[in-house]
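Protein chains in written order, with this note's numbering: chain F, 1 to 341; chain R, 1001 to 1399; chain G, 2001 to 2253; chain S, 3001 to 3452. Yeah, the Cβ is synthetic: ideal placement off N, Cα and C, and Gly gets one too. Source: prediction; values computed, not measured.
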Amino acid sequence: MDAIILQVLNGLEKGGAYALIALGLTLIFGTLGVVNFAHGALFMLGAFCAVIMRSLLTYEVATGEVEATAWGTEVAVTTPYVTQLFGEFGNTLIDWAVPVSILLTIPVMLIVGLVMERGLIRHFYKRPHAEQILVTFGLAIVLAELIKAQFGANPIPVPEPAALGGMADFSGIFGSEPGTITYPMWRFVYFLFSAFIILIVFCFLKFTTFGMVVRAGMEDRETVGLLGINIGKRFTFMFAISAMIAGLAGAMYTPIISPDYNIGMEFLVLSFVVVVVGGMGSLGGAVSAGFLLGLLQSFSAMNEVKAIIPGIDQIIIYLVAIIVLLVRPRGLMGRKGVMET
Amino acid sequence: MKILTHPTSSVDSTMMFIFVAAVLTMPIWLTPIGAAYPDLMQRFVIFGLFATGFNILFGLTGYLSFGHAAFLGIGSYTAVWSFKLLGMNPIPAAIFAVTVSGVFALVIGYISLRRSGIYFSILTLAFAQMCYAIAYSDLIGKFLGINLTNGETGLRVLADDPRMLDGVLTSGIDTSALTVNLFGLDLTHTWVWNGFQFNAGFYFCAFVLIIASYIAMRIFRSPFGLMLKAVKTNQNRLNYTGVNTKPYTLAAFVISGMYAGLAGALLCITDPLAGAERMQWTASGEVVLMVILGGMGTLMGPMLGAGIIKFSEQKFSTWGKPELHEFLAFIPDGIRDTVVSVASLFVGSGWHLTLGLVFMLIVIFLPGGIVEGGRRILMIVTGSNRRNRQIQAAAQAAE
Amino acid sequence: MAILQVRNVNKRFGGLQALDDVNLSVEQGTIHAIIGPNGAGKSTLLNCFVGRLTPDTGSVMFNGKSLLEISPHEINQAGVSRVFQTPEIFTDLTILENVMIPTFAHRDGSFKVNWWPRVDKEAQTRDHAMSVLDEIGLADKKDIVASALSRGDKRRLEMAMCLAQDPKLLLLDEPTAGMSRADTNATIDLLKRIGKSRGITKVIIEHDMHVVFSLADKIAVLAQGAVIAEDLPENIKTDPRVKEAYLGEEAVA
Amino acid sequence: MSLIKKNLDRRGVLKGSAAAGLAAPMFFNGSAWADGHAYLNAPKGKSVTLGFNVPQTGAYADEGADELRAYKLAVKHLNGEGDGGMMNTFKPSNLKGNGVLGKKVEFVTGDTQTKSDAARSSAKKMIEADKAIMITGGSSSGVAIAVQSLCQEAGVIFMAGLTHSNDTTGKDRRANGFRHFFNGFMSGAALAPVLENNYGKDRKAYHLTADYTWGWTQEQSIADATESKGWETVEKVRTPLGAGDFSQYLTPVLNSGADVLVLNHYGKDMVNSLTQAVKFGMRDKQVNGKDFTIVVPLYSRLMAQGAGENVKGIFGSTNWHWSLTDDGSKAFVKSFGQEYGFPPSQAAHTCYVQTLLYANAAETAGTFNPCGIVEALEDFEFDGMGNGPTLYRGADHQCFKDVLVVKGNENPTSKFDILEVVEVTPAAQVTYEPEHEMFAGGELGECNSGAA
């Protein structure tokens, strides 16, 4: 029983990441009708915002002493500049680097989204999907390679804050004796964080006029345009928001998987499967599909399940996508007729 | 310029003749640009075949399959299994590869074609990734208890494989060497004639490509091809003109799947190892780029696109700082180092950056592809562009 | 003999009774118009003929064969061609190709992997297509890509594509919608001309009374999904129920 | 302590050798091949070209870059430039520092992309277009096996780079292929005693294994070695290569009753699975009354940086480490440090040594002919290359030398010394018979000089 609860927690944490990415992707595809293969790269850029924030905070300053090394070149002994500047608060700042990096991620990702939409995506609204896929696929490779040129190919560890690190004991909640159901605190924090972001996005779309226009845009772009609403400006802002969502998902995920230049590509195919399973252009669908696939992926990795069908954990995602696309093409919560040809 | 859009049969046969001559003399005219070694030429021809096949589906019917590399992989695995069981002869390997990939294309196509547009692309992408995962960790092999794809190391012919027909067909020839031979003619053999390398494996692939291109040309110019073009422009009208579009698109999908299987087989005929990486979705993306770079829906475009992509891939990945210093020798020493250090970002270990940029630049600036670009330049040069516009203007005025 | 028989066709969408016990019969070789105010159910009825909609009850028999529950290409192979409200043609292909495709479809059936012969060597098909284009008056523009045509020419091309298949029944969904007066008259003459020479039965769904009364041999009037009158044009003019349905003088002018 | 392993049951008549019918004598007086037998890519003119096939893109790009640095350093030393590095300490050496056989050493590079078919294609290019006489490099066993069989068919020598799978010199061994790097069996044999005295006899091990050739053989080697010490293997679970998030594979470990987690992962997989395992609190858990421990059989110091301080106190094994104090290692570390400003990785070390060994074999045999090289390298004993006395065993072309058991450094002073050597297991303890059942099923076959 504990194993199942643990896998549920795993599924929720994974689902949180998938839901956030799919949410951003559906917003773009729902409103702009653009198939953005560079969405995974936005997740990676967010992750590297956290890496940059951490390296900024841990910027080392020479303390005057010099230390010889076995391989002959002198290396100066250093301490982080921040601690020199703020003393103890500096160390806590370093410890809380990942949550602090949100302050860097939001502006950076908004700008990235803006530049990407104005610079490139805008010219591709009317172009066929094949060309949209290829140009954004090229962009994803370019972004990944630039990061690799700057940060190298190895994963870069970004530790989570000590207070939110370590293991949380969930045994009490599930009524079994303490110590049996323990789960990394940060992964649960990540799930809460993603739920919080999803909530904000839904409230934003539900209760603000801007959100209403966007939702109308998702229903029928032409008519909204005909109503004299400058849909262009809205689209740019929508793209920036979805870039920010993906970036935040990436930044907070760094303690879970040490980011490297290829992390964007790994999430790319998956994010499209989640969007399609959820139903193109449906926000609720993307979120529920994200959590569904996260849970399925976790359960399929249980040894009992793998005993029945070996290797099911490696193809479960694609199997679900194929079954959903055939049985219920508009996805879990997509609207009838949307992209149902 | 009707000649370019609707060439008559005589124009076609001259084009075909030029194409055959160009392919057969590749070892000669490729030497100046340093691409005349067997491995690269084989890749030009094999990926040209793969792109030509893919173009029949994507170029004619407009259906974008993002998983065609799966059939390439299936063709490779079938070919190596044919080597292992029947012997190192390429003919049965090619035939089995085409049939097996055709069957897979039929099943995957039948299911995927129930949807269209981006749904169809994602469906084929999901199928291909599933095939890749199954091949990469040999899931079916584990299930059946045999070493079906040999996982990440790749499937190879081993000394103790049965190879039943080997002794029979090539009597008297030492069959212990695990190299592919066409009834005794060892395909890895290269004749060198004053500096040009004429490789037997390359000419086998070239021969297959020429036949396949001729078939593709016939398809393009036939009523069947016309129906495929009609599917692309207006499926609804075509249905109401009494044509059942489902079997046509499925036929195009299966034919392009078989071309991909054949290309996969040729990959193994020239190098008997079937690796799972060739089925990755990035390989499917590359073939789409080849067709778009060359010219979607044109006959020779995909071949051109394949050549350019494979050439730049090979060249960029092997250049390093020394080569850059050579090329940029004309820049004065002072700034050459900085230029070289920047340029080295794009070559050697950074060649993927160039590949990504090439992806973007082609789609942004040359969506019609090279052949389309060439056609437009030819039109401007011959001034016929003006005549065409006059006819259209006249038609407009009559409204 | 009635070539097309519609018997007690009903269709209900939730609360709305779109088609209310519709009965029609169209004589061989005649031009039968279906008119009625907006929302009378004309398009719903047409959709039943072309396989896009299956009525709750009733039958639609064409030449003894039911048009229900079969796919569009089977309907066409049965001899029913259709002209859309906005002309549906193969915009990327040339005019000649646009007409050769229906000719091939008529000859080879709904599917044939006919990959070896060359299109430009198919003399018999090309001549047939050219003769239809001559009749329609587009022969001189045979090599122009269809997207470059004017709206009138596009309509004529669509007509040519239908004629190329020698259909027994031609369904026209508001053929003159959005056309200038000159084009409308040209279309009327065209319909009259091909009507006599080929004896094709035609069912026209139309708003424009000028078109209806200059073409139709028989008129059926639809209101709220029910056929309120089916008679010769002159009787329809004076029929009180039609006037009441239309509540307007213009209908009876 | 020399390890002379007389191996008189040579593989019968060397094809086309002058001394027809006689097994070539063991001592060398210039190989029978020196008299100008034709062979593929025989270097004409004043230079000889070597092919360096390393991963420049993909997950192992940084390790590939380190290998390339070592290769360039080796070429510099062979051509007599630089401080000579390990050429000064390598004995017995015929290297003179004037290139090889008087020809200046040049090289071409290729990108394996850590994919078997891309690696073969770039190797074929170097053989066909650049006329490389030898191919070397690589960071994964799948690539090594694929390129080794290609070099065998093409007729050039393959000096393996970093490949730890038993199969490379086991069931997939080839006459033209040589491996200096140690393998899974040696890791198991070296680690088992150390694990036993540190963690005791009755432990329950849970294996998480990367699903490819290295993973399978590594899992089997460690399982057999630990079972011989009384450990019980609870579960062997296969994880997809490059999985990224391992949480769904780690939670079953928590309540499986196991008290040791063996991570048969390498490179990025090792970084992710180890970091996540530590974050699942497995380091400070008590099971069956014992502290839960983690073992990473094969360490890569270069990649371990990605795991940060999660490696602290975790046992593993490596082929070489820059902190060794023998004069060979010190010379190499100084030479590499001066050239590039940081210490070399074990991948760099094995590639550097392989290049020198190849060059020395050519000098000994008096020719670049692959069959001459094979003959010169088989049963070649040497020292001063950072691993102590080493034997290049002729029966399976595998080097037998001391193996290092390492542990995550409790307080590293820089990102270079995250590992510390805790024990040097003597070669005798890790040596196995050529036909050992974990290496059976392969046979070298005949050397191929590509002369056909």
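Which residues in chain F have a C-beta closer than 9 Å to the C-beta of residue i? List them in chain order.
i, result
"Phe1143 of chain R", "Ile309, Pro310 and Gly311"
What are the residues that DSSP puts in a beta bridge with residue i?
i, result
"Gln3286 of chain S", "S:Asp3291"
"Phe3107 of chain S", "S:Leu3050"
"Gly3177 of chain S", "S:Phe3158"
"Asp3383 of chain S", "S:Lys3091"
"Thr3136 of chain S", "S:Phe3052 and S:Met3159"
"Glu2027 of chain G", "G:Ala2002"
"Val2009 of chain G", "G:Val2022"
Can you give me the C-alpha to C-alpha distance between residue i and residue j, rounded to a whole angstrom?
i, j, result
"Leu1353 of chain R", "Asn3272 of chain S", "26 Å"
"Ala243 of chain F", "Val112 of chain F", "7 Å"
"Cys3447 of chain S", "Arg3069 of chain S", "30 Å"
"Glu3227 of chain S", "Trp3216 of chain S", "16 Å"
"Tyr3212 of chain S", "Thr1149 of chain R", "11 Å"
"Asp3062 of chain S", "Tyr1037 of chain R", "30 Å"
"Arg187 of chain F", "Pro157 of chain F", "16 Å"
"Phe3028 of chain S", "Pro3370 of chain S", "Low confidence applies here, because Phe3028 of chain S scores a pLDDT of 44, under 50, leaving its location unreliable; read the following figure in that light. Distance between the alpha carbons of Phe3028 of chain S and Pro3370 of chain S: 16 Å."
"Val1347 of chain R", "Leu1361 of chain R", "17 Å"
"Ala2129 of chain G", "Asp2108 of chain G", "15 Å"
"Val327 of chain F", "Ala321 of chain F", "10 Å"
"Ser3149 of chain S", "Ser3449 of chain S", "14 Å"
"Met1217 of chain R", "Leu1299 of chain R", "7 Å"
Who are the neighbours of residue i on chain S, taking C-beta pairs under 7 Å?
i, result
"Asp2 of chain F", "Asn3255"
"Thr1014 of chain R", "What Thr1014 of chain R touches in chain S: nothing, since even the nearest Cβ is about 33 Å away."
"Arg54 of chain F", "Correct list: empty, because the minimum Cβ distance to chain S is about 11 Å."
"Glu1326 of chain R", "Simply none; closest approach about 14 Å."
With distances taken between CB atoms, is the gap from residue i to residue j smaller than 8 Å?
i, j, result
"Gly285 of chain F", "Gly334 of chain F", "yes"
"Thr3112 of chain S", "Pro3055 of chain S", "yes"
"Leu3404 of chain S", "Trp3320 of chain S", "yes"
"Gly3267 of chain S", "Tyr3060 of chain S", "yes"
"Ser3335 of chain S", "Arg3301 of chain S", "no"
"Thr3168 of chain S", "Ser3140 of chain S", "no"
"Ala3132 of chain S", "Val3108 of chain S", "yes"
"Gly1301 of chain R", "Gly1373 of chain R", "no"
"Ala246 of chain F", "Gly46 of chain F", "yes"
"Ser1284 of chain R", "Ala1079 of chain R", "no"
Going along chain F, which residues have a C-beta under 8 Å from residue i?
i, result
"Trp1281 of chain R", "Val269"
Who are the neighbours of residue i on chain R, taking C-beta pairs under 9 Å?
i, result
"Gln150 of chain F", "Near Gln150 of chain F there are no residues of chain R at all, since even the closest Cβ is about 10 Å away, more than 9 Å."
"His2073 of chain G", "Leu1238, Asn1239, Tyr1240, Thr1241, Gly1242, Val1243, Asn1244 and Thr1245"
Strictly below 8 Å CB to CB, what residues from chain S border residue i?
i, result
"Ile173 of chain F", "By Cβ distance, chain S contributes nothing, its closest Cβ being about 17 Å from Ile173 of chain F, past 8 Å."
Show which residues of chain R have a CB atom less than 8 Å away from the CB atom of residue i.
i, result
"Ile322 of chain F", "Ile1111, Leu1123, Ala1126, Phe1127 and Met1130"
If we define contact as Cβ-Cβ less than 8 Å, is residue i a contact residue for chain B?
i, result
"Thr182 of chain F", "Within the model displayed, chain B is absent; protein chains F, R, G and S are what it includes."
Using a cut-off of 7 Å between C-beta atoms, extract the partners of residue i located in chain G.
i, result
"Ala1251 of chain R", "Val2113"
**Message:** Residues of the stretch 1348-1372 of chain R in Cβ contact with chain S at a cutoff of 8 Å, in chain order, please.
**Reply:** Correct list: Gly1348, Ser1349, Trp1351 and His1352.
**Message:** Can you pull out the residues from the stretch 1218-1245 of chain R whose beta carbon lies closer than 9 Å to at least one beta carbon of chain G?
**Reply:** From the stretch 1218-1245 of chain R, only Arg1218, Ile1219, Arg1221, Ser1222, Pro1223, Phe1224, Gly1225, Leu1226, Met1227, Lys1229, Ala1230, Lys1232, Thr1233, Asn1234, Asn1236, Arg1237, Leu1238, Asn1239, Tyr1240, Thr1241, Gly1242, Val1243, Asn1244 and Thr1245 have a Cβ closer than 9 Å to chain G.
**Asked** Closer than 9 Å, Cβ to any Cβ of chain R: which residues of the stretch 3069-3080 of chain S, in chain order?
**Response** Listed by position along the chain: nothing, the set is empty.
**Message:** For the stretch 1105-1127 of chain R, list every residue whose C-beta sits within 7 Å of some C-beta in chain G, in sequence order.
**Reply:** The residues in question: there are none.
**Asked** If you measure beta-carbon to beta-carbon, which residues of the stretch 1292-1317 of chain R are closer than 8 Å to chain S?
**Response** For the stretch 1292-1317 of chain R, residues whose beta-carbon sits nearer than 8 Å to a beta-carbon of chain S comprise Gln1314 and Ser1317.
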